[in-house]
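Inspection log for the structure reproduced underneath, given as structure tokens.
Protein chains: 2
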Amino acid sequence: MAKKADKYFISDPWQIIEEAFNPRYGEVAESIFSLGNEHMGVRGYFEEGYSGASLIGNYFNGIYEVKKQKVSSYKGIVDTTEFMVNAVNWLYTRLRVDDEVLDLNRCHFNDFRRVLNLKDGVLTRSFIWITATGKKLKLEFERFVSMKNVYIGAQKITMTALNFDGEITVISGIDFSQNHKSAEENFWECSNLIAKDNYLSLTGTTKNTKQKIFSSCRFWGSVETQENVLDKEKIAAKSFKIKLEQNKPCSITKMTMNMVLKSDNREGYEDFCTRCEAAEDNSRQLNYDVLKEENAKWWQDIWAHSDITIKGDELNQQGIRFCIFQMFQTYNGAEEGNNIGAKGLTGEAYNGNAFWDTEVYCLPFYMFNSLDAAKNLLMFRYVTLPDAKEKAKSLDCDGAFYPIATISGKESCNLWQHASIQLQASTGVAYGIWFYEKITKNRSFLIKYGLPMLIEVCRMLATRGSWSEGRKKYGYYGVMGPDEFQMMVNHNCYTNYMGRLTLNYTLQVLNELKAENKENYQEIISSMELTQEECNEWAKMEEHMVIPYDEQTKIYEQHDGYFKLPHIDVDAIPIQDFPLYHHWSYDRIYRNDMIKQPDVLMFMLMFNAKFPEDVLRNNYEYYEPRCIHESSLSPSVHSILASQLKKHGEAYRFFEFATRLDLDNYNRNTHEGLHTTSLAASWMNIVYGFGGMRSDGSRLSFSPSIPKAWEGYSFRVGYQNNVIIIEVNKETVSFQTTEEIAVMIDVYGESIELGKEAKVREIPYEWRG
Amino acid sequence: MAKKADKYFISDPWQIIEEAFNPRYGEVAESIFSLGNEHMGVRGYFEEGYSGASLIGNYFNGIYEVKKQKVSSYKGIVDTTEFMVNAVNWLYTRLRVDDEVLDLNRCHFNDFRRVLNLKDGVLTRSFIWITATGKKLKLEFERFVSMKNVYIGAQKITMTALNFDGEITVISGIDFSQNHKSAEENFWECSNLIAKDNYLSLTGTTKNTKQKIFSSCRFWGSVETQENVLDKEKIAAKSFKIKLEQNKPCSITKMTMNMVLKSDNREGYEDFCTRCEAAEDNSRQLNYDVLKEENAKWWQDIWAHSDITIKGDELNQQGIRFCIFQMFQTYNGAEEGNNIGAKGLTGEAYNGNAFWDTEVYCLPFYMFNSLDAAKNLLMFRYVTLPDAKEKAKSLDCDGAFYPIATISGKESCNLWQHASIQLQASTGVAYGIWFYEKITKNRSFLIKYGLPMLIEVCRMLATRGSWSEGRKKYGYYGVMGPDEFQMMVNHNCYTNYMGRLTLNYTLQVLNELKAENKENYQEIISSMELTQEECNEWAKMEEHMVIPYDEQTKIYEQHDGYFKLPHIDVDAIPIQDFPLYHHWSYDRIYRNDMIKQPDVLMFMLMFNAKFPEDVLRNNYEYYEPRCIHESSLSPSVHSILASQLKKHGEAYRFFEFATRLDLDNYNRNTHEGLHTTSLAASWMNIVYGFGGMRSDGSRLSFSPSIPKAWEGYSFRVGYQNNVIIIEVNKETVSFQTTEEIAVMIDVYGESIELGKEAKVREIPYEWRG
């Protein structure tokens with residue numbers, strides 16, 4: 000079924016522009032105009048209040064609440080789910096002229112324009128408010144979140160009376176009273192209100208998890224009078240009266256600091272208190288213009304090493320920059336222990352939980368754009384290793400079983416058919432460690448943090464699997480692979496393949512360490528209580544792991560028995576049946592050869608170098624027609640492989656809506672938040688797809704192709720302390736480095752040295768599509 | 000793992016006796032001493048109140064409440080479960096002497112004795128109460144429920160002052176205030192209190208389902224004064240003062256009538272009101288002794304056609320009579336539209352829901368003990384056909400999908416992995432119809448009620464299944480068979496076998512009808528909108544139904560791929576791991592070849608005549624060692640087949656605790672209620688097992704064997720308007736009929752005519768075990 004664009008925003012290479020406001024797109028625009036700095040995210044809502052459909056969403060990474068279910072009488076089933084809780088609205092504002100309160104759902108206005116500038120991360124909005132008495136007031140709203148000092152959010156409102164002299168009342172402050180929309184409940188208890196001249200602060204504590212947000216704000220502006228408005232629970236605000244002279248712009252600026260306390264350990268608490276106490280003083284030093292300038296600089300650096308350009312296709316140019324921009328807003332390695340929710344910090348869908356997408360879809364982006372961010376993502380898994388061990392125990396396994404969905408590190412998915420039988424979060428962690436070491440050669444990270452995770456995942460793999468036919472075959476029974484349309488299957492090819500890889504890689508790391516540094520090795524195996532017998536057993540499991548494969552057709556069987564399943568012609572399913580989860584009986588989805596997303600093709604992409612082209616082709620041609628791409632991550636994987644197989648038309652068709660999935664609301668659910676992990680996939684789609692980059696071989700390689708519709712494109716990858724800029728047009732492919740450091744790469748199968756000797760290399764474009 | 004008896008009750012061939020009261024067994028005894036008449040059930044609790052552990056349980060067939068869950072975002076998942084709600088305590092009583100209120104948890108007492116008489120269904124209890132002031136009062140409680148006029152319950156209390164003259168206060172009445180124990184909530188709203196001289200009535204209405212119980216009571220006895228005690232909500236009672244003279248017994252008798260209104264249609268409501276209005280007058284006609292006598296007569300008839308005797312084994316003699324007694328109490332065909340809950344009317348476990356046990360385990364009992372009861376059981380499925388069609392629709396199927404658990408006819412199981420993928424309730428209904436016709440030759444029932452159900456079940460079977468390999472193979476994917484340890488499997492042998500049978504039988508009935516009565520046939524196919532194409536398609540499905548079978552070993556494969564599953568030595572599982580659902584991670588149960596209960600062996604018993612002995616033997620010897628018998632229904636099936644295979648020692652070991660499962664609390668959960676459907680299985684165990692009866696062939700057959708420990712045994716089966724009495728001892732087997740009507744049976748493979756020509760036939764006992 001073809002997806003269709005619902006085009007609303009205006010195309011521009013560096014900006015997302017909304018001209019005139021259509022309320023039907025109100026919540027979609029709120030998602031699109033989300034700002035974030037990994038620490039906090041704020042949807043693009045109208046801060047002055049809006050009585051139409053709106054999600055006043057403010058989210059903080061790692062700040063969550065919990066919902067308790069009835070404890071199952073079955074063992075190992077989760078009874079507590081976590082959700083990223085809607086938090087303080089630090090933009091809280093109300094504007095009044097005469098007796099009229101501004102509300103774009105009710106008031107008259109003109110010349111509406113909203114712009115998100117991807118170059119500096121500033122969101123601006125302007126319009127002319129025509130009051131009931133005919134007064135015309137030009138309003139300009141500006142906001143940004145600081146990328147460097149992530150606690151800071153800034154808001155500026157500029158008011159220009161166009162046809163009168165008079166007064167405006169601006170109420171502004173901090174609002175903890177917002178309901179968490181999907182729960183229809185507010186989860187905050189407020190305390191420690193401080194109201195001083197031009198300054199407010201209030202601390203919110205979550206009801207169950209007892210996490211804290213200290214929110215403060217300081218005001219600047221030439222105001223007549225100010226009064227505290229403290230009569231509403233959970234809201235601290237000031238009411239300012241401002242004199243307006245015709246055609247003389249007048250501003251009020253608000254700078255907030257939003258500090259969080261995630262866990263209740265003593266040390267953290269004291270530090271939090273200290274920082275809160277210093278906030279009032281520190282806030283005096285803040286300067287709107289300086290911070291805005293700093294932010295522009297921060298983004299300039301980002302684009303210098305991470306920009307993608309597309310010539311001759313402004314829509315995709317805008318799309319891919321929007322993706323890159325939102326990726327850095329969601330996560331950029333600002334703080335250790337953060338992760339990436341399925342909707343980033345832009346909405347409440349998927350409860351703000353992080354999935355295995357983090358390592359498999361997002362990590363590659365950071366691996367070539369910010370190694371620190373990549374490392375910090377893996378550190379999330381290290382920090383939460385005790386939770387994964389706890390989960391393994393609850394599932395009668397040894398070692399570590401990483402959660403399928405989580406905020407805190409604990410399993411937050413209460414569907415046993417996902418939480419208990421999907422192993423890909425755990426093998427995904429191993430993949431992430433393998434990938435990070437391959438690219439960085441960072442042995443110390445590997446040994447100190449990676450190895451303990453690898454060993455615990457192996458222990459899980461060794462206890463979750465089973466031998467059959469005596470000790471002849473090893474593998475996983477009763478699992479669900481990446482394709483969530485095949486449940487409780489045996490020998491899922493992806494699961495077994497990844498299990499084998501994890502066991503193999505862990506044993507290899509251990510052997511290398513033994514050879515390199517016997518003392519360190521001894522220390523680790525003794526602290527992990529690892530025995531030679533355990534390792535021998537892993538080796539046997541790896542050796543005998545079942546990988547279902549048909550020698551004749553060279554097709555991997557997605558799981559034992561998959562080839563015998565009833566066939567469905569997925570193209571014959573009526574369009575009104577989609578999404579299937581809502582229109583088909585739950586059990587009906589699971590009894591045919593239809594797949595939701597790539598499974599065999601997934602590991603064939605991840606370990607691409609291991610598969611000859613004919614094997615890849617046969618598998619692609621077998622599985623693609625069976626896939627309905629119900630996951631937003633699916634088309635990019637197919638596009639990348641189609642490029643590799645020189646199916647360029649098909650590759651482009653799968654790519655078509657990748658960069659604009661949210662901008663053009665292809666899935667009609669952008670109002671719930673952005674498809675964050677598929678933003679990452681759309682980056683992969685260009686870099687791994689058209690760019691033909693591969694990072695799983697012995698060195699980085701490229702086989703660029705160029706879509707017919709494009710004149711040229713370029714992308715950049717950070718690699719070995721260098722940035723490689725790849726430019727492709729219909730005649731040539733050029734490689735350039737920003738630093739004079741030698742780096743070897745493969746292009747169309749041949750080795751090339753860049754950097755030291757030749758900073759730019761131009762070679763003919765080989766694609767004959 | 001060996002189960003162990005927890006022996007408490009005293010052995011006797013016709014009575015269940017408790018001598019001296021041990022509070023540790025308080026709730027077990029309440030279950031054991033349950034009385035019932037299909038319409039209502041009452042646990043054997045102390046009616047005078049008891050502050051120790053107790054479940055004051057009163058249940059009415061078809062009176063239920065509902066619990067709403069969060070609506071699943073997936074389609075077809077049940078969000079409302081039904082439970083048989085704890086209802087009016089019509090035995091409500093309090094006794095006071097001086098200032099002391101009788102409470103066996105606190106007061107002194109002696110000579111406690113409680114007896115359930117299986118011959119007349121009367122429960123008696125007596126003891127001597129020694130008050131704090133030294134007064135000795137002998138108390139005798141007696142209760143029964145009328146088997147003929149099922150609305151009536153009777154209670155008599157006889158008091159004898161042993162060492163004093165004085166006064167006793169008896170408070171007695173109707174109590175709707177009891178909580179439903181498992182919900183810790185009361186679900187009754189009361190209205191229409193009537194209090195007259197010696198008479199009380201009160202109507203309770205359930206909170207959500209708005210069903211009604213009208214409960215009335217009339218008192219007899221020589222009382223000094225009576226006062227209404229109406230100050231407690233939901234309780235209507237009278238306080239009687241009774242003068243006691245030393246050694247002069249004094250009684251108070253209470254007769255209650257408990258009428259129910261199950262559904263709110265106008266007709267039913269008017270009838271209900273009429274009956275309630277007449278209750279006061281009608282109650283005057285009631286006579287305790289007459290009703291008691293009638294009841295004894297009712298039970299005498301039952302034992303005349305349904306008794307089983309065992310010589311030389313008093314424990315099993317008591318056990319099997321208890322089973323038969325409780326079966327008739329739970330269900331005897333008193334009212335159309337009743338069903339049999341997993342715990343009958345004796346407790347709240349399994350929410351009082353009925354399962355597929357009804358047709359497969361209970362129906363055979365009624366088929367040979369009360370054909371009316373058997374027919375009424377099937378009528379429950381006919382009456383609830385619209386609910387089954389509704390459920391089919393919610394699961395994207397045509398036709399009728401019968402619920403896996405229900406009270407009202409609606410699906411009440413909120414676990415999709417049972418409700419959506421277990422087809423055995425539907426095929427069980429077809430089996431029941433097939434069975435009923437085979438025994439009764441009742442064509443008119445078959446055509447009028449059976450055929451519409453068969454056609455709708457076929458429609459479900461034709462839409463729930465799938466073709467594979469083009470149109471070469473038909474079968475069911477993503478199902479769970481009777482063995483609940485194998486989930487989401489393909490071609491479950493039982494499911495496919497039963498599916499094939501259902502399609503085949505339905506087509507046969509249609510063809511026969513077409514030949515017999517063309518007009519009737521036309522009428523039916525037109526009212527059911529059945530086409531020839533539909534029938535042709537069913538024939539094709541039946542023909543190509545996959546029945547996994549290994550020609551070489553002659554073993555049926557429980558499902559496609561079962562033979563390749565990892566093997567578990569079930570005997571090596573530590574005893575503390577049981578029950579597995581509580582000690583093993585939920586998903587862990589489903590990934591090996593361990594089975595919970597018979598699956599292949601189940602259909603090999605149900606259609607026993609179709610399987611040669613060597614095939615049966617090979618399958619038994621393969622599957623039995625893989626079975627952990629976690630269902631209480633499992634051992635009986637294995638015992639029956641072991642008898643057939645002349646594994647007599649094994650047959651007896653499986654039988655050992657069948658008749659005394661609850662009496663000796665083998666599963667340590669009798670306090671939750673009786674294992675009603677396994678009472679039925681224990682009857683089958685003797686009749687089909689040792690008696691070697693088979694009812695699936697062209698005529699009834701017998702191959703009796705006798706356990707070593709027994710001197711002899713006899714059983715009776717109603718068949719073809721006759722009752723056959725089979726007596727077995729170590730030398731001979733004799734067959735006798737109660738009526739002079741000819742009946743042909745097979746014994747040890749040879750045909751014998753009974754009834755007309757020879758009322759008794761004695762033949763040598765052939766077993767050489």
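Protein chains in written order, with numbering that gives the first Met the number 0: chain D, 0 to 768; chain F, 0 to 768. Note that beta-carbon positions come from the ideal geometry of N, C-alpha and C, so glycine has one too.
In this structure, does DSSP put residue i in helix, strand or coil?
i: G768 of chain F; result: Note that G768 of chain F has pLDDT 40, beneath the 50 cutoff, so the model's placement of it is unreliable and the number below is only indicative. Here G768 of chain F sits in coil by DSSP.
i: A19 of chain F; result: coil
i: W298 of chain D; result: helix
i: L660 of chain D; result: coil
i: T224 of chain D; result: strand
i: N185 of chain D; result: coil
i: F354 of chain F; result: coil
i: P578 of chain F; result: coil
i: N510 of chain D; result: helix
i: R412 of chain F; result: For clarity, residue 412 of chain F is Cys in the given sequence; the question names Arg instead. Residue state, collapsed to three classes: coil.
i: K437 of chain F; result: helix
i: H304 of chain F; result: helix
i: M527 of chain F; result: coil
i: K755 of chain D; result: coil
i: E537 of chain F; result: Note that residue 537 of chain F is Trp in the sequence shown here, rather than Glu. Three-state DSSP puts W537 of chain F in a helix.
Please state whether the Cβ-Cβ distance between residue i and residue j is less than 8 Å.
i: F324 of chain F; j: L453 of chain F; result: no
i: F126 of chain D; j: N109 of chain D; result: yes
i: L229 of chain D; j: L122 of chain D; result: no
i: L344 of chain D; j: T357 of chain D; result: no
i: E739 of chain D; j: G754 of chain D; result: yes
i: L673 of chain F; j: S30 of chain F; result: yes
i: D11 of chain D; j: Q317 of chain D; result: yes
i: S145 of chain F; j: N286 of chain F; result: no
i: A404 of chain F; j: F354 of chain F; result: yes
So what does residue i bridge to, in DSSP terms?
i: K682 of chain D; result: Note that residue 682 of chain D is Trp in the sequence shown here, rather than Lys. DSSP output for W682 of chain D lists no bridge partner at all.
i: S774 of chain F; result: The requested residue 774 of chain F is not part of the displayed model; chain F covers only 0 to 768.
i: I151 of chain F; result: F:M256
i: W466 of chain F; result: F:Y473
i: F143 of chain D; result: D:A153
When you check each C-beta in the stretch 553–580 of chain F against every C-beta of chain D, which residues fall closer than 8 Å? D559, G560, K563, L564, P565, H566 and Y580
Validate contact between the stretch 570–584 of chain F and the stretch 598–605 of chain F using beta carbons, cut 8 Å, 3 pairs: no
With 7 Å as the limit, tell me which residues of the stretch 453–486 of chain D have their beta carbon closer than that to any beta carbon of chain F; keep them in chain order. S465, W466, S467, Y476, G477 and M486
Residues of the stretch 62–83 of chain F whose Cβ lies closer than 8 Å to any Cβ of chain D, in chain order: S71, S72, Y73, K74, G75 and I76
Using a Cβ-Cβ cut-off of less than 8 Å, list which residues of the stretch 584–595 of chain F approach chain D; keep chain order. S584, Y585, D586, R587, Y589, R590 and N591
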